[in-house]
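2 protein chains.
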Amino acid sequence: MSRWIVAYHHGDLPAALLAAVESAIADSGVSGVSLRDVARRAGVSHAAPAHHFGSKAGLLTAFAAAGYQLLAESVIKEVAASDAADGAAELAAIGRGYVRFAVSHPAHFEVMFRLDALDPGNAEFVAASEAAYGLLTATVERCRAAGRLHGRPPEVVAVSAWSLVHGLSALWISGRLPERIAEQDPQRLAAAVSDLFVEAVLPPARAGGSDAGL
Amino acid sequence: MSRWIVAYHHGDLPAALLAAVESAIADSGVSGVSLRDVARRAGVSHAAPAHHFGSKAGLLTAFAAAGYQLLAESVIKEVAASDAADGAAELAAIGRGYVRFAVSHPAHFEVMFRLDALDPGNAEFVAASEAAYGLLTATVERCRAAGRLHGRPPEVVAVSAWSLVHGLSALWISGRLPERIAEQDPQRLAAAVSDLFVEAVLPPARAGGSDAGL
DNA sequence: AGCGGTATCTTGCCAGTGTCTAGTTTGTTC
DNA sequence: GAACAAACTAGACACTGGCAAGATACCGCT
Chain A
27 MSRWIVAYHH GDLPAALLAA VESAIADSGV SGVSLRDVAR RAGVSHAAPA HHFGSKAGLL
87 TAFAAAGYQL LAESVIKEVA ASDAADGAAE LAAIGRGYVR FAVSHPAHFE VMFRLDALDP
147 GNAEFVAASE AAYGLLTATV ERCRAAGRLH GRPPEVVAVS AWSLVHGLSA LWISGRLPER
207 IAEQDPQRLA AAVSDLFVEA VLPPARAGGS DAGL
Chain B
27 MSRWIVAYHH GDLPAALLAA VESAIADSGV SGVSLRDVAR RAGVSHAAPA HHFGSKAGLL
87 TAFAAAGYQL LAESVIKEVA ASDAADGAAE LAAIGRGYVR FAVSHPAHFE VMFRLDALDP
147 GNAEFVAASE AAYGLLTATV ERCRAAGRLH GRPPEVVAVS AWSLVHGLSA LWISGRLPER
207 IAEQDPQRLA AAVSDLFVEA VLPPARAGGS DAGL
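Protein chains in written order, with this note's numbering: chain A, 27 to 240; chain B, 27 to 240.
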């Protein structure tokens with residue numbers, strides 16, 4: 027067994043190519059990224075990316091999968107940083123973590139949801155996406171067990187929470203949002219929106235009882 | 027003055043090209059659309075689209091502006107179809123109309139928010155977008171006047187409502203959502219999510235008083 | 001030390017793309 | 001009918017993604 031899994035000519039070209047994708051998107055947007063430009067940025071020939079990722083869709087899919095991992099890390103970190111006494115506080119933290127990821131890694135975020143430019147059946151991509159979604163459903167289930175859903179369908183609450191922070195992230199990154207409102211700090215806005223949702227939709231339970239399950 | 031503004035060779039090539047864009051996106055996704063393919067679909071030479079729209083970005087920008095008009099029409103129609111007794115019911119109708127537009131015209135919706143492929147400074151595009159956004163802020167203002175904001179900042183409520191339905195639309199169209207949940211009718215889901223938001227965030231005012239303004 | 005095998009990466013090619021320039025056709029106006 | 005403007009075509013250019021063939025560097029094995 028070798029000490030490094032990949033350490034031939036370049037060192038770790040796949041990682042270098044993914045980094046090149048990020049800087050290329052930062053410079054010219056997702057639609058402006060080309061395999062050849064990415065290859066140039068990494069200092070290799072124009073056909074090298076295809077060797078590792080199969081095609082442009084394969085490269086972007088790997089980039090998107092890496093994005094899902096960054097998303098999960100950001101969410102977990104934000105939950106850990108908060109007190110997160112209960113599921114509701116945890117849900118607000120997840121929302122902040124989601125937006126924090128999107129704003130810190132807009133290139134990843136944009137690619138993750140451009141399924142027409144990706145290979146959506148890719149196993150790694152699906153697994154990474156499942157793992158991230160599981161964080162949300164687990165927390166909504168915790169809210170349900172604590173009786174904070176007040177009879178609302180868990181699925182609707184989960185979809186609403188996800189849509190809320192996803193929409194906020196997408197609108198912020200697209201630039202449609204910051205040009206229209208006074209608040210210019212996305213993190214404060216994310217906190218306000220998340221708190222609004224949790225306070226209004228998931229107020230503390232009256233008795234100690236729990237809601238009905240899914 | 028001529029009776030028709032544009033009626034030379036083709037009849038109305040700009041409109042035909044915009045229709046061709048929609049079918050091209052339906053066939054091969056936004057990233058798969060090319061000026062030459064659009065021209066072929068309209069039965070004209072490869073350089074004809076550039077003559078009318080300047081560039082690929084110009085063509086997509088015109089398509090996005092048309093999307094904003096369709097969005098406004100869908101929202102207004104949904105509000106009119108509902109009873110819409112007060113601002114809160116109106117807001118829920120706006121949410122349903124937003125999602126209905128996105129699901130009925132996914133090609134337009136996707137292009138509208140791909141600002142990296144557009145010419146975001148285009149006057150028509152900006153105006154169409156402003157008009158659509160104005161419908162939302164006007165309704166939130168009506169809720170505020172009716173005392174249904176309960177002290178919450180109007181800006182945060184407006185952003186939350188917009189983010190909620192935008193996220194729901196984007197996730198549904200991207201396919202990430204329908205593959206994860208039981209509800210397969212986007213319109214019923216939109217109604218459930220909109221109602222959840224309005225019930226929880228904008229319950230009827232206790233007294234008759236109004237909240238503080240912006 | 002040297003050999004075979006393999007993964008890495010390069011080079012060259014192809015059809016297709018967006019944009020530019022020049023030219024042709026068509027309709028309007030005087 | 002002639003001058004003009006607008007609509008559209010035809011050709012060229014640099015660029016793209018994908019493919020096939022080859023060169024290079026590393027590894028395990030004897």
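Just so you know, even glycine gets a beta-carbon here, dropped at the ideal spot from N, CA and C.
Is residue i close to chain B, meaning its C-beta is less than 8 Å from at least one C-beta of that chain?
i, result
"residue 121 of chain A", "no"
"residue 214 of chain A", "no"
"residue 48 of chain A", "no"
"residue 206 of chain A", "yes"
"residue 27 of chain A", "In this predicted model, residue 27 of chain A has a pLDDT of only 33, less than 50, meaning its place in the structure is not dependable; the value taken from the coordinates is given anyway. No, its Cβ sits nowhere closer than 8 Å to a Cβ of chain B."
"residue 38 of chain A", "no"
Do residue i and residue j have their C-beta atoms closer together than 8 Å?
i, j, result
"residue 170 of chain A", "residue 56 of chain A", "no"
"residue 136 of chain B", "residue 199 of chain B", "yes"
"residue 107 of chain A", "residue 157 of chain A", "no"
"residue 224 of chain B", "residue 114 of chain B", "yes"
"residue 166 of chain B", "residue 184 of chain B", "yes"
"residue 190 of chain B", "residue 186 of chain A", "yes"
"residue 123 of chain B", "residue 103 of chain B", "yes"
"residue 131 of chain A", "residue 197 of chain B", "no"
"residue 83 of chain B", "residue 39 of chain B", "no"
"residue 116 of chain B", "residue 168 of chain B", "yes"
"residue 142 of chain A", "residue 87 of chain A", "no"
"residue 227 of chain A", "residue 226 of chain B", "yes"
"residue 231 of chain A", "residue 178 of chain A", "no"
"residue 43 of chain B", "residue 96 of chain B", "no"
"residue 152 of chain B", "residue 89 of chain B", "no"
"residue 194 of chain A", "residue 216 of chain A", "yes"
"residue 63 of chain B", "residue 50 of chain B", "yes"
"residue 111 of chain B", "residue 119 of chain B", "no"
"residue 161 of chain B", "residue 188 of chain B", "no"
"residue 203 of chain B", "residue 182 of chain A", "no"
Can you look up residue i in the DSSP assignment and give me helix, strand or coil?
i, result
"residue 144 of chain A", "coil"
"residue 104 of chain A", "helix"
"residue 229 of chain B", "coil"
"residue 209 of chain A", "coil"
"residue 137 of chain B", "helix"
"residue 113 of chain A", "helix"
"residue 53 of chain B", "helix"
"residue 72 of chain B", "coil"
"residue 202 of chain B", "coil"
"residue 214 of chain B", "helix"
"residue 78 of chain B", "helix"
"residue 37 of chain B", "coil"
"residue 175 of chain A", "coil"
"residue 60 of chain B", "coil"
"residue 131 of chain A", "coil"
Which bits of chain A does residue i rub up against, with CB to CB less than 8 Å?
i, result
"residue 127 of chain B", "In chain order: nothing, as chain A lies at least about 15 Å away."
"residue 201 of chain B", "141, 146"
Using a cut-off of 7 Å between C-beta atoms, extract the partners of residue i located in chain A.
i, result
"residue 189 of chain B", "190, 193, 194, 197, 219"
Quick check: is the beta carbon of residue i nearer than 8 Å to any beta carbon in chain A?
i, result
"residue 185 of chain B", "yes"
"residue 227 of chain B", "yes"
"residue 102 of chain B", "no"
"residue 209 of chain B", "yes"
"residue 45 of chain B", "no"
Listing by chain order, which chain A residues have their CB less than 9 Å from the CB of residue i?
i, result
"residue 223 of chain B", "186, 190, 223, 226, 227"
Note down, in chain order, all residues in the stretch 159-182 of chain A with a beta-carbon under 8 Å from any beta-carbon belonging to chain B. 159, 178, 179, 181, 182
When Cβ atoms are compared, which residues of the stretch 138-154 of chain A fall closer than 8 Å to chain B? 139, 140, 141, 142, 143, 146
Determine which residues of the stretch 52-72 of chain B have a Cβ less than 9 Å from any Cβ of chain A, and write them out in chain order. 54, 55, 56, 57, 58
Contact residues within the stretch 69-94 of chain A, judged by C-beta distance below 7 Å to chain B: none
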